[in-house]
Amino acid sequence: MWRSLILLTAVVPVAACGSNGDSGTTITINSTDSDGNVVARADGASGKVSVDLPGFSGELKLPKIHLDAEDFDLNGVHLYPGSQIANMAVDAKGDKGGVVTVDFDSPADPATVRDWFNGKLGAAGFSLTTKGDGLVGTTDEGKPFRLDITPAAGGHATGKIVVSG
Numbered sequence: 034m035w036r037s038l039i040l041l042t043a044v045v046p047v048a049a050c051g052s053n054g055d056s057g058t059t060i061t062i063n064s065t066d067s068d069g070n071v072v073a074r075a076d077g078a079s080g081k082v083s084v085d086l087p088g089f090s091g092e093l094k095l096p097k098i099h100l101d102a103e104d105f106d107l108n109g110v111h112l113y114p115g116s117q118i119a120n121m122a123v124d125a126k127g128d129k130g131g132v133v134t135v136d137f138d139s140p141a142d143p144a145t146v147r148d149w150f151n152g153k154l155g156a157a158g159f160s161l162t163t164k165g166d167g168l169v170g171t172t173d174e175g176k177p178f179r180l181d182i183t184p185a186a187g188g189h190a191t192g193k194i195v196v197s198g
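Just so it is clear: in the sequence shown, position 152 is 185 by our numbering, and no numbers are missing.
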């Protein structure tokens with residue numbers, strides 16, 4: 034699962050580039066292993082991409098990256114239809130696991146989004162319990178999973194997915 038999520042964050046920016054004047058998706062990758070620390074960041078507001086790894090660092094400006102529901106896949110489950118990803122952060126800690134966090138906006142109320150995720154992720158082998166407007170439990174691999182959802186303007190919901198490894 035981790036390789037898929039990390040690969041997704043590396044490949045999708047090329048496919049999802051665009052510039053329509055609004056903010057894009059901010060993506061951050063932080064990885065630490067025996068070779069040192071690697072940090073890469075694509076800023077959704079400016080389009081600036083920076084990389085800092087042992088022996089090399091650099092910045093460049095690219096079109097803003099816009100990720101939506103179809104650009105995210107968690108064991109075959111995308112985000113709620115019509116959702117837009119605001120932030121995606123991958124914090125990998127070598128062989129000690131890591132954490133993936135995804136912040137998104139969905140065009141439905143929190144209960145609708147929660148129930149949709151509960152059905153889809155449950156069918157994908159997740160073990161989940163409802164907690165308020167969110168869900169907590171484990172992935173099909175037994176990794177801790179949390180989905181927090183809050184109401185947002187215009188009948189939307191703002192969500193945060195956290196998967197730990």
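Just so it is clear, CB atoms sit at the ideal spot from N, CA and C, and this is done for glycine as well.
Our contact map puts residue i next to residue j with C-beta atoms below 8 Å; I'd like the distance itself, whole angstroms only.
{"i": "residue 107", "j": "residue 118", "result": "Not quite, the Cβ-Cβ distance comes to about 12 Å (not below 8 Å), so this is no contact."}
{"i": "residue 123", "j": "residue 192", "result": "With a Cβ gap of about 17 Å, residue 123 and residue 192 do not count as contacting."}
{"i": "residue 132", "j": "residue 121", "result": "Wrong, their Cβ atoms sit about 12 Å apart, outside the cutoff."}
{"i": "residue 57", "j": "residue 97", "result": "3 Å"}
{"i": "residue 85", "j": "residue 59", "result": "No, residue 85 and residue 59 are not in contact; Cβ-Cβ is about 16 Å, not under 8 Å."}
{"i": "residue 176", "j": "residue 196", "result": "6 Å"}
Could you tell me which of the options sits nearest to residue i, measuring between CA atoms?
{"i": "residue 173", "options": "189, 165 and 198", "result": "198"}
{"i": "residue 70", "options": "150, 188 and 126", "result": "126"}
{"i": "residue 78", "options": "95, 157, 144 and 187", "result": "95"}
{"i": "residue 73", "options": "81, 61, 80 and 65", "result": "61"}
{"i": "residue 154", "options": "168, 164 and 144", "result": "168"}
{"i": "residue 185", "options": "144, 64, 90 and 65", "result": "144"}
{"i": "residue 80", "options": "152, 55, 151 and 150", "result": "55"}
Might you give, ordered along the chain, the residues of its own chain that have their beta carbon closer than 7 Å to the beta carbon of residue i, omitting 5 neighbours on each side?
{"i": "residue 170", "result": "159, 160, 161, 162 and 178"}
{"i": "residue 111", "result": "102, 103 and 105"}
{"i": "residue 137", "result": "112, 116, 117, 118, 119 and 192"}
{"i": "residue 188", "result": "142"}
{"i": "residue 109", "result": "157"}
Just grab the DSSP bridge partners of residue i for me.
{"i": "residue 136", "result": "120 and 193"}
{"i": "residue 173", "result": "The partner list for residue 173 (beta bridge, DSSP) is empty, contrary to what the question assumes."}
{"i": "residue 131", "result": "125"}
{"i": "residue 55", "result": "DSSP output for residue 55 lists no bridge partner at all."}
Sorry if obvious, but does the Cβ on residue i come closer than 7 Å to a heavy atom of the ligand NAD?
{"i": "residue 166", "result": "Inclusion of the ligand NAD in the displayed structure is not the case, the ligand content being empty and no account of it being possible."}
Grab me the residues of residue i's own chain with a C-beta within less than 6 Å of its C-beta, minus the 5 sequence neighbours each way, in chain order.
{"i": "residue 115", "result": "140"}
{"i": "residue 82", "result": "75, 93 and 95"}
{"i": "residue 181", "result": "167 and 193"}
{"i": "residue 183", "result": "191"}
{"i": "residue 38", "result": "Model confidence at residue 38 stands at a pLDDT of 39, short of 50, so the residue's coordinates are unreliable; what they give is reported in the following sentence. The residues are 133."}
{"i": "residue 64", "result": "71 and 125"}
Enumerate in chain order the residues of its own chain whose CB-to-CB distance from residue i is below 8 Å, with the five nearest sequence positions on each side excluded.
{"i": "residue 87", "result": "68, 69, 70 and 71"}
{"i": "residue 151", "result": "161, 163 and 168"}
- Enumerated in chain order, which unbroken segments of the beta strand (DSSP E) with a length of 3 residues or greater are wholly contained in the segment 61-126? Entirely contained in the segment 61-126, the beta strand (DSSP E) runs reaching 3 residues are, in chain order, 69-75, 81-86, 89-94 and 117-125.
- Task: Entirely within the segment 140-166 and at least 4 residues each: give me those alpha helix (DSSP H) ranges in chain order.
- Result: Along the length of the segment 140-166, whole alpha helix (DSSP H) runs at least 4 residues long occupy 143-156, reported in chain order.
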